[in-house]
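Its first residue numbered 46, the sequence shown is counted upward by one per residue in the working numbering. For reference, the structure is listed below as structure tokens.
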Amino acid sequence: MALPGCQPCRTKSPLCGQKILLFLAPTWWISLLVLPCAAFNLDTKFVVLKKGKTPESFFGLSVALHHQTKPEKYLLLSGAPRDVASEMDNTTRMGAMYACPLSASTEDCKRVDIKVLSEPRNNIVEDMWLGVEVASQRTASGRVMACAHRYTRILWAGNEDQRRMVGKCYIRGNDLGLQEDDEWQAYHNEMCNANTDLESTGMCQMGISGGFTHNSVYFGAPGAYNWQGTDYVLQRESWDQKDYSYPDEKRSNSYIGYTTEASTAVLHKHSNTFIAGAPRYNHTGAVFLMLNDSGTTLEEKLVLLGEQVGSYFGSSIALADLNNDGWKDLIIGAPYYFDRKEEKGGAVYVYMNLGGTFHSSANLTLTGPSNSSFGLAVASIGDVDKDDFQDIAIGAPFEGSGKVYIYHSSVGGLIDKPRQIISGNDFVPSIPTFGYSFSGGMDVDGNSYPDLLVGTLSENLLLLRARPVINIVSKTFTVTPNPLDPAKCTEDSCIKVQFCFSYSQSAGDPKYKETIKLNYVIKADQDRRRVYFAKTQSAVYRGQFSMPNEKCQTLKVLLRDDVRDKLHPIAFSMNYSLAEKSRKFRLGPQSLDAFPVLNEDQPRENHTEIQFQKECGTDNKCHSNLQVQAVYLNDQNQMLPRRNGMQILQYSRDVKKLNLNITVTNQPTSPTNGEDAHQALLNITFPLSLLPSSVRPSGACTFNGGVLCQLGNPFKRNQQAELIITFEVIGISLYTQDVIIQVEPSTLSQQDDLTAISAVLLVDYTIDASLRILNPWLQSHFSGTVMGESAMKHEEDVGSPIRFHFQVTTKGESLGSLGTIMLGFEWPYEVSNGKWLLYPTDIMVKGNEEWFCEPPGQVINHLNLSLNVHQRNHSSNLTRKKRELEASSKSEVPITLAAAKKAKSDTSLSCSEGTSRCIWFECPLKDIGAVTDVTVRARVWNSTFIEDYHDFDRVKVMGQATLFLRTNVSTINMKNGTVWYTVNIDSELSEEQPAELELWLVLVAVAAGLLLLGIIVLLLWKCGFFRRASTRAMYEAKGQKAMMKIQPSETKRLTDSY
46 MALPGCQPCR TKSPLCGQKI LLFLAPTWWI SLLVLPCAAF NLDTKFVVLK
96 KGKTPESFFG LSVALHHQTK PEKYLLLSGA PRDVASEMDN TTRMGAMYAC
146 PLSASTEDCK RVDIKVLSEP RNNIVEDMWL GVEVASQRTA SGRVMACAHR
196 YTRILWAGNE DQRRMVGKCY IRGNDLGLQE DDEWQAYHNE MCNANTDLES
246 TGMCQMGISG GFTHNSVYFG APGAYNWQGT DYVLQRESWD QKDYSYPDEK
296 RSNSYIGYTT EASTAVLHKH SNTFIAGAPR YNHTGAVFLM LNDSGTTLEE
346 KLVLLGEQVG SYFGSSIALA DLNNDGWKDL IIGAPYYFDR KEEKGGAVYV
396 YMNLGGTFHS SANLTLTGPS NSSFGLAVAS IGDVDKDDFQ DIAIGAPFEG
446 SGKVYIYHSS VGGLIDKPRQ IISGNDFVPS IPTFGYSFSG GMDVDGNSYP
496 DLLVGTLSEN LLLLRARPVI NIVSKTFTVT PNPLDPAKCT EDSCIKVQFC
546 FSYSQSAGDP KYKETIKLNY VIKADQDRRR VYFAKTQSAV YRGQFSMPNE
596 KCQTLKVLLR DDVRDKLHPI AFSMNYSLAE KSRKFRLGPQ SLDAFPVLNE
646 DQPRENHTEI QFQKECGTDN KCHSNLQVQA VYLNDQNQML PRRNGMQILQ
696 YSRDVKKLNL NITVTNQPTS PTNGEDAHQA LLNITFPLSL LPSSVRPSGA
746 CTFNGGVLCQ LGNPFKRNQQ AELIITFEVI GISLYTQDVI IQVEPSTLSQ
796 QDDLTAISAV LLVDYTIDAS LRILNPWLQS HFSGTVMGES AMKHEEDVGS
846 PIRFHFQVTT KGESLGSLGT IMLGFEWPYE VSNGKWLLYP TDIMVKGNEE
896 WFCEPPGQVI NHLNLSLNVH QRNHSSNLTR KKRELEASSK SEVPITLAAA
946 KKAKSDTSLS CSEGTSRCIW FECPLKDIGA VTDVTVRARV WNSTFIEDYH
996 DFDRVKVMGQ ATLFLRTNVS TINMKNGTVW YTVNIDSELS EEQPAELELW
1046 LVLVAVAAGL LLLGIIVLLL WKCGFFRRAS TRAMYEAKGQ KAMMKIQPSE
1096 TKRLTDSY
């Protein structure tokens, strides 16, 4: 079965048409983006383009540059293996080799006359693919060669023929003609034995590759030994001829000899090393390096193995001294390599020669985009830029219309980025399959630069010629004066910029005197823009420099008036490029001398700078010593207090402003610092909780997101500056633990220890809360009879009700999880003997929500008495008291005759005096609003007062409530608030009353008393009680007898009758 696109093969040859059909292999690769590369010195405007004469002849399949000496000219050789036979030949398609001159015509290629004898009974020349390989010897009067790997011999056994595709090569002289007296040409060059079968050399297909050395010709025969393949070498020394080959090593289907190369300085400095590619060896491909040490066979010295199955490693080979060490390095193509993950397709491996040997792995691997067949062709193209390092070309004929990658090398070997990428689309019209084959390393237009011949499968070949490379050998760029004294500048003169250029051609041709124009751009202090060119009034100047006519140019630069930065030097930069002459695409070998390129390896940008004259020591460098201190002040400019070395802000909502005092000094601490600080600045950054509002002295700073303060330009030696920046406090919250302001000094002077300082202010947040009691004095009473604790079921059984109203006011944000505001009570719970005093029944808190506080320990309604819902919801104790008084005034009071009460008396009961016992309980005020009401309802323990205080008209009971903060956050605090409350409890107990009498009894008693009184008065009257004495009797003297008697003692009087 024939391969696609092949003519049917009479013999079973897997290589039938293989070399040109590599592009029909499966294309499984994923695309890889290749970075575009700027053009270098292979010209794509003035090209030599040649076209084949016969469609589908594969003109351009193989190409070679050839130097003909008589007459001297350069020719472009191309194989056309599917070309029709000439009229002289007795066949249809035989193939051909064409020779094309360097001309503007595309149709002037001539067929090289290679007479092929057609003997139908002995050989088959039809479709023998003459021109599948063409080569030039490249020595003085070097020969040329064209091969036909499908040349077939016929063997007869009776009437049955057997065909052997042995291949054949034809060698012609330097003038492309046949000199029969030349042994090279006269020899039949059929190295395979047609009398053997495919297990030997009967199907060797010799000539699929081949070439010359100075004294030998070599051929690749990949079909030999059951397609193991071999290399044949014919070596001629004077009249002596030797041939040798690689023996049968039973490596079937390896295709050794698919590509071949030979050169000295590979494995041996002076002997030829023969290199053969075997793209199917072990399925991964290999390259064999062989020497003729024995004189009879090629001996395998080194085998380099491919790394991927099916990559066709070894299908293309090139030799080039990449690092100019005198040894040839090896470049191997693997066009079917792929990497789906990395999206790569096609690879080229570079093996650096280590003085006659190679590492088993490549020193560099280059990859191309998928579907490109990157590496299908590789070639040494000589030193195209004349930098003393060999360069290479790599073809990717199926990347778009085809591309050629030009890689340069250096002392380190091949540079891994292409210096130039040439596409088939660069030409008019586009050239498909551009880069299928190469021949380079020969200067065909006489400008001392090697050129590159590129073949295609589209019946085209193109000669790409190298343009001269210009080296700028003398280049000066000076700016004066240095240092610059601004005081000496005038309106039209200050700074001078002078630059000079000269060039040479990289090939060293002393006759090259072309006028070269450079376009240059000079930028003066572009970042700071302190100067400008006098001609353009701009910091950028564009001009043109002509070589070799001009030697130097001078430009004037002026200094601006408002220059502040006098520390940094004034920087100047110049870059230049070649002024390209306008031209269009043209065919033909026009001279390229007028179209050089600049050496891309030379830097094209120059920099210089000048200093300002400064008072900064002998080195003209200023070494400052800026030191910064910052402290916080309150709005009265008083320093905030410190705790453990840190300043503290006792924050409350009354704090509206905060001042930061900054002191900056530039004091020398050694002889090498404290010099002027040019463009000294302070950059102040602050948190969102602060907003800068003013600065003193005024105008020293600007506010724009941050605070930027100008200290001076320069801030002189021994100078000191003080700034006070006022901030409005807008965002300090409960969560703010500190305020940090960064103060960063900067200067254009040199100071290694210049760092920002952090002004840290710890924040103690003070909660603004207050407590008041709406009714600090309550009035109550006790009366009735004593009731035991166990007999009580309802709160009314305890005694008179009392109700305290507390009000808590807070300002600011809620504490959240940071803490809790607590309301604590010191409650007069018992008297000193343990009896109940004031019995609390419930505590109601009303803020954003309404709820009852129940402190732990069941101190509220300890006896679980049934509470009066009406009393519990009552809003005002005063209202209740008023209603009770009104009700009592309306009741009927019994008419009694009571005894008089004793004198009034009162007493006080309080914990502070020790006259009562108190219990402490607390209510957390969570989720409170701006105003929170707390109502404490209680009962006077009536029985205690009746039993213990019945002798008092009033008992005064006192307690206190305290508002405080409970938190674990040390920076949050609150001033405690305490209020006192008092209950005046009056006795309403009555004195014991006498028995009441009937009215009529009283009247009878009164009448009886009056009657008795009358009788007594009458009797007294009768007895003369009411009779008056006479005057004489009243004044008549009576005699009296005095009598003395001893009075008894007290003891005697008490014991005896007296």
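Just so you know, even glycine gets a beta-carbon here, dropped at the ideal spot from N, CA and C.
Taking the alpha helix (DSSP H) that residue i falls in, what are its first and last residues?
i, result
"Tyr-119", "It is not in any alpha helix (DSSP H) - Tyr-119 instead sits in the beta strand (DSSP E) that spans 117 to 125."
"Ser-950", "No alpha helix (DSSP H) holds Ser-950; DSSP gives it neither H nor E."
"Leu-1064", "1044 to 1067"
"Phe-990", "987 to 993"
"Ala-231", "228 to 231"
I'd like to know whether the C-beta atoms of residue i and residue j end up nearer to each other than 8 Å.
i, j, result
"Leu-409", "Asp-461", "yes"
"Val-429", "Tyr-494", "yes"
"Ile-377", "Tyr-357", "no"
"Pro-641", "Ile-561", "yes"
"Trp-965", "Glu-875", "no"
"Ser-186", "Thr-258", "no"
"Phe-772", "Leu-736", "yes"
"Gly-146", "Leu-120", "Before going further, note that residue 146 is Pro rather than Gly in the sequence given. Yes, the pair counts as a contact, with Cβ atoms nearer than the cut-off."
"Ala-407", "Ala-424", "no"
"Asn-728", "Gly-751", "yes"
Can you give me the start and stop residues for the beta strand (DSSP E) that residue i sits inside?
i, result
"Ile-1107", "Residue coverage of the chain in this structure runs from 46 to 1103, which leaves residue 1107 outside it and unanswerable."
"Tyr-270", "Element bounds for Tyr-270: not the beta strand (DSSP E) but the alpha helix (DSSP H), 269 to 272."
"Phe-849", "846 to 856"
"Glu-645", "From DSSP, Glu-645 is part of no beta strand (DSSP E); its letter is neither H nor E."
"Asn-913", "Careful: Asn-913 lies outside any beta strand (DSSP E) and carries neither H nor E."
Could you tell me which residues DSSP puts in a beta bridge with residue i?
i, result
"Asp-680", "Its beta-bridge partners do not exist; DSSP assigns none."
"Trp-896", "Val-890"
"Pro-324", "Its beta-bridge partners do not exist; DSSP assigns none."
"Gln-598", "Phe-544"
"Leu-497", "Gly-485, Leu-509"
Suppose the cutoff is 7 Å on Cβ atoms and the five residues either side in sequence are ignored; what does the same chain contact list for residue i look like?
i, result
"Leu-793", "Asp-610, Leu-612, His-613, His-723, Gln-724"
"Ser-549", "Asn-516, Val-518"
"Ile-199", "Arg-166, Asn-167, Asn-168, Ile-169, Asp-206, Arg-208"
"Ser-150", "none"
"Gly-844", "Phe-827, Arg-984, Val-985, Trp-986, Asn-987"
"Asp-366", "Trp-372, Lys-373, Asp-374, Gln-435"
"Ser-803", "Ile-785, Gln-787"
"Val-890", "Trp-896, Cys-898, Cys-968, Leu-970, Thr-977, Val-979"
"Glu-152", "Lys-96"
"Arg-156", "Ser-131, Ala-141, Tyr-143"
What does a CB cutoff of less than 6 Å around residue i pick up in its chain, not counting 5 residues either side in sequence?
i, result
"Gly-302", "Gly-265, Ala-266, Pro-267, Gly-274, Thr-275, Asp-276, Ala-321"
"Gly-212", "His-194, Tyr-196, Gln-250, Met-251, Gly-252"
"Met-867", "Glu-967, Pro-969, Phe-1009, Arg-1011"
"Gln-571", "Ala-584"
"Gly-458", "Leu-367, Asn-368, Met-397"
"Trp-822", "Thr-1027"
Compare the Cα-Cα distances from residue i to each of the options and report the closest residue.
i, options, result
"Thr-136", "Asn-168, Lys-155, Ala-149, Ala-144", "Asn-168"
"Cys-545", "Tyr-289, Met-619, Gly-1054, Cys-154", "Met-619"
"His-328", "Phe-319, Leu-350, Ser-316, Thr-309", "Leu-350"
"Pro-442", "Ile-973, Leu-1034, Gly-413, Leu-459", "Gly-413"
"Leu-954", "Gly-1004, Ile-437, Val-456, Ala-239", "Gly-1004"
"Val-608", "Leu-623, Ile-567, Asp-530, Ser-627", "Asp-530"
"Pro-713", "Asn-728, Arg-741, Val-976, Gln-764", "Gln-764"
"Asn-711", "Tyr-215, Gln-795, Thr-865, Asp-664", "Gln-795"
"Lys-761", "Glu-720, Gly-833, Ser-738, Leu-678", "Glu-720"
"Thr-309", "Tyr-565, Asp-285, Ile-812, Met-335", "Met-335"
"Arg-183", "Met-142, Glu-225, Gly-124, His-112", "His-112"
"Asn-708", "Leu-685, Thr-730, Met-684, Val-673", "The sequence shown places Thr at residue 708, not Asn. It is Val-673."
Between which residues of its own chain and residue i is the CB-CB distance below 8 Å, once the five residues before and five after are set aside?
i, result
"Leu-910", "Met-837, Lys-838, His-839, Glu-840, Asp-842, Val-843, Thr-886"
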